[in-house]
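Under my numbering, the residue at position 245 of the sequence shown is numbered 252, and the numbers go up by one with no gaps. Cβ coordinates follow ideal geometry from the N, Cα and C atoms, glycine included. Working notes for the structure below.
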Amino acid sequence: MTDVVLASMPFGPLFTPSLGLTLLQAGLNRSGISSRLHYFTLPFAEITGASFYSSIASEGDPFTTALAGEWIFSGALALQTPGEARAYVDEVLECDRRDPFVQRLFRARDRVEGFLDRCLQTILRDRPKIVGLTSVFQQHAASLSLARRIKLADPGVTIVVGGANCEGAMGAETVRQFSFVDAAVSGEADVVFPELVGRILRGEPFSDLIGVRTATSVAAEFALGRFANAAPISNLDALPCPDYTAYVEQFRATRFHRDWEMAILFETSRGCWWGEKAHCTFCGLNGTSMAYRSKSPARALGEVTSLARRHPHADLEAVDNILDMKYFDEFLPALAKEKIRVGIFYETKSSLTKAQLRMLSAAGVREIQPGIESLDDSILKLMRKGVTALQNIQLLKWCAEFGITPQWNLLSGFPGERPEAYTAMMRLVPLLTHLPPPHLSPIRLDRFSPYYTASAAFGLKDVRPAAAYRHIYRVPEDVLANLAYYFDFGYADNRVPDTYVDPFSDKVDTWKRTAWRSALFFADTGEHLVVCDFRSAARRRLTVLSGLIARST
């Protein structure tokens, strides 16, 4: 018998363990509470294929807002007719039903019932008193579908859900609509979850815990329109170091370990120090936990080096929303001295200096997400990014110089943006084809972003849950608005961004196609500086500089 079973359902990340569940399990261990952690992501990917699974689970993919992963499990959550299932393809995906990817979606959907039965049997063998399910991005329908089956099989099991999809009104509505969910945790659960579990095991009431939603507490919260989160952790050094043994064992038991490498997650900060100053208008991350906190340099160094030693063949990915700038003083120089042999990923600001990029490279950071978002000053001001287009371009150039891969987006469709800005960027793009190209996408309207909380003030109208939600939950529109994280919208000035963004999109597509053969570099021979330019926009391929011009370049 196990006190608690924790589970990660599809479509959670496939080749990375859950840092949240891992920390919760460590917190339970500290309290002397037994637990098991199951990654049901892995067996479902074995059924569907890793590439197909990852194409749906990857954040930023077009299928994210289409909620294809949620739709696959929606039939297990609420009965749907074949016509209702086909309507999703017609109205949301807008694809031919004979499309090979659409056919794979239907095949995956047909395998759900048998898969959930196997998940249920695995959990029942553990004989848990409590089952905790994490729900981030496209995990909600799968988690709820499994929770429903567990409750039907053993009504004595207490079902607790948590994660980003349970923050604020979303968690409250989940408890209100799905009676098989006993509690939803909103906010950072590191402290409140072990307390909640302890009370359940002792048979004590738990509805009074701040950040815990129950059937008896949500009515008052909806009446007041206020949804309190669990208190955030102030001292991150007090958190346990993550132990990913459960994931590693389950990953190695699959066929994936022969051809795929896992990525190991670590955390050195929470919140966003830039968001505290100027919340980027489109950003819905952090919810109501914007306050920035970071681990001490010594703790961060110890955790990163320990994980690198334990997982020498896996890259390390920071889940931080933004790199602590104080880390350039102690943490990163110390990490550089360690000379770890794995690559590290961090999210950063794009206003880094050349010296800071050099330090990141020396410390083993091989990939960053720098939050560039645009190459136009006026649009960057609309975002509240606090950087200029020149700084963004400089960052891309320095990344190329120091061997750092920037994963970056160009966003479009900001309310108030000038169409002329895209014309100007079209002229700029041919000069940048030697630099890593972006992913171009329209802005998304996410819950908790300024665009959502003050939509009318920013020139947005007709805000409603993204169309895909209507094909997943059979609930009234006002209920849907509480469950949704993604929203559709219109513009108060009735603009249609595609009319001026599409020509720019064509230029970006050309950038992606030609980047592999574009190059701009120089060679110093001592007496001369030889500039080689293989961009399609180059006026000459070879330029030789000498004398004062060469020395000052």
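The ligand GDP heavy atom lying under 7 angstroms from the CB of residue i
{"i": "Glu-324", "result": "The model on display carries no ligand, and the ligand GDP is accordingly not part of it."}
Extent of the continuous alpha helix (DSSP H) to which residue i belongs
{"i": "Tyr-95", "result": "89-95"}
{"i": "Tyr-353", "result": "Tyr-353 -> not in any alpha helix (DSSP H); beta strand (DSSP E) instead, spanning 351-354."}
{"i": "Pro-304", "result": "304-317"}
{"i": "His-147", "result": "147-160"}
{"i": "Ile-54", "result": "48-55"}
{"i": "Phe-258", "result": "252-259"}
{"i": "Arg-373", "result": "Run containing Arg-373: none in the alpha helix (DSSP H); it sits in the beta strand (DSSP E), 372-376."}
{"i": "Glu-283", "result": "280-284"}
{"i": "Gly-82", "result": "75-84"}
{"i": "Phe-338", "result": "338-345"}
{"i": "Ser-559", "result": "554-559"}
{"i": "Ala-362", "result": "361-369"}
{"i": "Ala-33", "result": "26-37"}
{"i": "Val-99", "result": "Unbroken run through Val-99: none, as it is neither H nor E."}
{"i": "Glu-119", "result": "Before going on, a small fix: residue 119 reads as Val here, not Glu. Residues 119-133."}
{"i": "Ala-176", "result": "176-184"}
{"i": "Val-2", "result": "This structure leaves residue 2 out entirely; the chain is present only between 8 and 560."}
Classification of residue i by the beta-carbon crowding that lies within 10 angstroms, buried from 16 upward
{"i": "His-264", "result": "exposed"}
{"i": "Thr-141", "result": "buried"}
{"i": "Phe-108", "result": "exposed"}
{"i": "Glu-228", "result": "buried"}
{"i": "Asn-547", "result": "Note on residue identity: the sequence assigns Arg, not Asn, to residue 547. By the 10 Å Cβ count, Arg-547 comes out exposed."}
{"i": "Cys-406", "result": "buried"}
{"i": "Trp-523", "result": "exposed"}
{"i": "Leu-435", "result": "exposed"}
{"i": "His-446", "result": "exposed"}
{"i": "Phe-122", "result": "buried"}
{"i": "Glu-408", "result": "exposed"}
{"i": "Thr-165", "result": "buried"}
{"i": "Asn-501", "result": "exposed"}
Cβ of residue i within 8 angstroms of any chain B Cβ
{"i": "Val-394", "result": "This model lacks chain B altogether; it includes just one protein chain."}
Proximity of residue i and residue j at Cβ, strictly below 8 angstroms
{"i": "Ser-357", "j": "Gly-378", "result": "yes"}
{"i": "Ser-525", "j": "Ser-543", "result": "yes"}
{"i": "Gly-291", "j": "Asp-485", "result": "no"}
{"i": "Met-433", "j": "Lys-514", "result": "yes"}
{"i": "Ser-303", "j": "Asp-244", "result": "yes"}
{"i": "Leu-246", "j": "Leu-30", "result": "yes"}
{"i": "Ser-276", "j": "Asp-327", "result": "yes"}
{"i": "Phe-289", "j": "Met-390", "result": "yes"}
{"i": "Ile-40", "j": "Pro-201", "result": "yes"}
{"i": "Glu-424", "j": "Arg-262", "result": "no"}
{"i": "Leu-203", "j": "Val-167", "result": "yes"}
{"i": "Tyr-492", "j": "Asn-172", "result": "yes"}
{"i": "Glu-534", "j": "Ser-553", "result": "yes"}
{"i": "Gln-145", "j": "Ile-63", "result": "yes"}
{"i": "Ile-411", "j": "Ser-81", "result": "no"}
{"i": "Glu-77", "j": "Leu-490", "result": "no"}
{"i": "Cys-279", "j": "Ile-329", "result": "yes"}
{"i": "Glu-268", "j": "Ala-341", "result": "no"}
{"i": "Thr-550", "j": "Thr-440", "result": "no"}
{"i": "Pro-563", "j": "Ala-488", "result": "This structure does not reach residue 563, given that the chain is present from 8 up to 560, and the question cannot be answered."}
{"i": "Val-12", "j": "Ile-130", "result": "yes"}
{"i": "Ser-381", "j": "Leu-417", "result": "yes"}
{"i": "Cys-248", "j": "Ser-313", "result": "yes"}
{"i": "Gly-170", "j": "Gly-27", "result": "yes"}
{"i": "Ala-115", "j": "Thr-72", "result": "no"}
Start-to-end residues for the beta strand (DSSP E) that takes in residue i
{"i": "Ile-166", "result": "165-169"}
{"i": "Ser-419", "result": "416-419"}
{"i": "Gly-139", "result": "137-141"}
{"i": "Asp-322", "result": "322-325"}
{"i": "Val-11", "result": "11-15"}
{"i": "Leu-536", "result": "535-540"}
{"i": "Val-394", "result": "Per DSSP, Val-394 belongs to no beta strand (DSSP E) and is neither H nor E."}
{"i": "Val-192", "result": "190-192"}
Original post:
If we count Cβ pairs, one from each stretch, closer than 8 angstroms, do we get three or more for the stretch 280-289 versus the stretch 337-347?
Top reply: no
Subject >> Validate contact between the stretch 247-257 and the stretch 46-66 using beta carbons, cut 8 angstroms, 3 pairs >> reply: yes
Subject >> Three CB pairs or more closer than 8 angstroms across the stretch 193-201 and the stretch 493-504 >> reply: No: fewer than three Cβ pairs fall under 8 angstroms.
Original post:
For the stretch 215-277, which segments carrying the beta strand (DSSP E) assignment without a break, of at least 3 residues, lie completely within its bounds, in sequence order?
Top reply: 270-273
Original post:
Using 8 angstroms as the Cβ pair cut-off and three pairs as the minimum, do the stretch 175-188 and the stretch 502-509 touch?
Top reply: no
**OP:** Let me know the beta strand (DSSP E) ranges lying completely inside the stretch 461-530, each 3 residues or longer, listed in chain order.
**Re:** With a minimum length of 3 residues, the unbroken runs of beta strand (DSSP E) contained wholly in the stretch 461-530 fall at 467-472, 493-498.
**OP:** Any chance you could list the beta strand (DSSP E) runs of at least 3 consecutive residues sitting entirely within the stretch 406-449, in chain order?
**Re:** Runs of the beta strand (DSSP E) inside the stretch 406-449: 416-419, 446-449.
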